[in-house]
Amino acid sequence: MLDKFGRIKLGHFPTPIEFLKNLSEDLDGPEIYIKRDDCTGLASGGNKTRKLEFLMSDVLQNNVNLVVTVGAVQSNHARQTAAACAILGIKCLIILEQRLEKAPDSYMKSGNVFLNKLFGAEILFCPKDLNVDEYAKKIIQEREKGNIKCYFIPVGGSNYIGELGYIECIREIVEYDKNKIFTHIILASGSGGTHSGSIVGKKYYDYKAKILGISVKDNKLNQENKVYNLVQSACKFISCPVPDRGDVIVFDDYVGEGYGVPTEGMKKALKIMAQREAILLDPVYSGKAFDGLLDLIRKNYFDKSDKILFIHTGGSFSLPAYEWAF
Ligand SMILES: Cc1ncc(COP(=O)(O)O)c(C=O)c1O
């Protein structure tokens, strides 16, 4: 348990692990299981609940007046941070970055953007020609001049504190998997904390399953380097031996034209999961990750005897903002 590093309760844990019977039969390949991190609670779930249990504990220890975070327009991290702030009675400022070239009105206003407002967060859009982190820094400096103590949570809540959430997720998986049936864990790799935390968790709990990340933005090398940097910082924080660089495995074939841009593979994968298992994925992360899993199965990357655990990291609240893509 990592509670000694400072954790508050925000979610529903452990999340269930379910066997995807229909899909496993349809694909006639390895058995596929799903860890339902879309059911973590806190604004209806997603991977950020785990990170925020540790990050918001740090916020509380620092007597903060305003939590500031950044993300893409349809950021799930922003929605869950806004919700965490709401329940803790702390003001929240979300700075959204427009990463899509052409975005319809629904993308700019519905889905997570709408929900951020319901949770009472203040929203700013980063001017297109500015770097969002630089812009956030400038806003924080301005607010602090007015004696508002700010706490900055980086994109995706991915730092050595947020990562603890996914070390903890691996602890849950180890506890469930007493007979060590899972051969692979597969997940979406974005800002990297989910992926890196899982790799550190594998080391920390001496778990054997291979962890595969499906990039949703960067190329393989950049994503692997980003994840490995995060791995190293979390290991330092919790005094864990650093895993080998080779434990960081990223596939970058499923990004398509770029972050948040729908692909045919994602749309197909999302419909298959909805129509065969009645589970909603999201278009930006879990949909692309599941596309990757289906493709790797088709390409015989796995043995038939393998047992794969897909981590559903949430995000289906952005679906209404992507209706145009389908
Ligand atoms: C639904 C969902 N899945 C996966 C991810 C990727 O997680 P990470 O940013 O930790 O790599 C995100 C990140 O925002 C997300 O919102």
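Quick note: to get my numbering, add 9 to the position in the sequence shown (first position is 1). Ideal placement from N, C-alpha and C gives every residue a C-beta, glycine not left out. The structure displayed is predicted, hence computed values, not measured ones.
{"query": "Quick check on the DSSP output: the alpha helix (DSSP H) that includes GLU34 runs from which residue to which?", "result": "30-36"}
{"query": "Run the Cβ filter for me: residues under 6 angstroms from any heavy atom of ligand 1, listed in the order they occur in the chain.", "result": "GLY55, ASN56, ASN85, HIS86, GLY165, SER167, ALA197, SER198, GLY199, SER200, GLY201, GLY202, THR203, HIS204, ASP291, TYR294, SER295, THR322, GLY323 and GLY324"}
{"query": "Are VAL183 and VAL79 closer than 8 angstroms when you measure CB to CB?", "result": "no"}
{"query": "For the segment 280-300 and the segment 323-334, state whether three or more C-beta atom pairs, one from each stretch, are separated by less than 8 angstroms.", "result": "yes"}
{"query": "DSSP on CYS48, reduced to helix/strand/coil?", "result": "helix"}
{"query": "I need the DSSP call for SER314, collapsed to helix, strand or coil.", "result": "coil"}
{"query": "Taking MET117 as the reference, which of ILE176, ASP35 and PHE134 has the closest Cα?", "result": "PHE134"}
{"query": "Is it the case that the Cβ atoms of GLY222 and GLU172 are separated by a distance below 8 angstroms?", "result": "no"}
{"query": "Which runs of the beta strand (DSSP E) fall wholly inside the segment 150-208 and span at least 3 residues, in chain order?", "result": "159-162 and 193-198"}
{"query": "If you run the structure through DSSP and keep just helix, strand and coil, what is LYS111?", "result": "coil"}
{"query": "Measure from the C-beta of GLY199 to each C-beta in chain C and report whether the shortest distance is under 8 angstroms.", "result": "Protein chains in the displayed structure number just one, and chain C is not present."}
{"query": "Rounded to whole angstroms, what is the Cα-Cα separation between ILE320 and GLU286?", "result": "15 angstroms"}
{"query": "Nearest CA to the CA of ALA93: which residue from ARG152, GLY54, ASN71 and GLU106?", "result": "GLY54"}
{"query": "Residues in its own chain within less than 7 angstroms of GLU177 by CB, not counting five upstream and five downstream?", "result": "LEU11 and ARG59"}
{"query": "Which residue comes first and which comes last in the alpha helix (DSSP H) that contains PHE335?", "result": "No alpha helix (DSSP H) holds PHE335; DSSP gives it neither H nor E."}
{"query": "What is the DSSP secondary structure of ALA287, counted as helix, strand or coil?", "result": "coil"}
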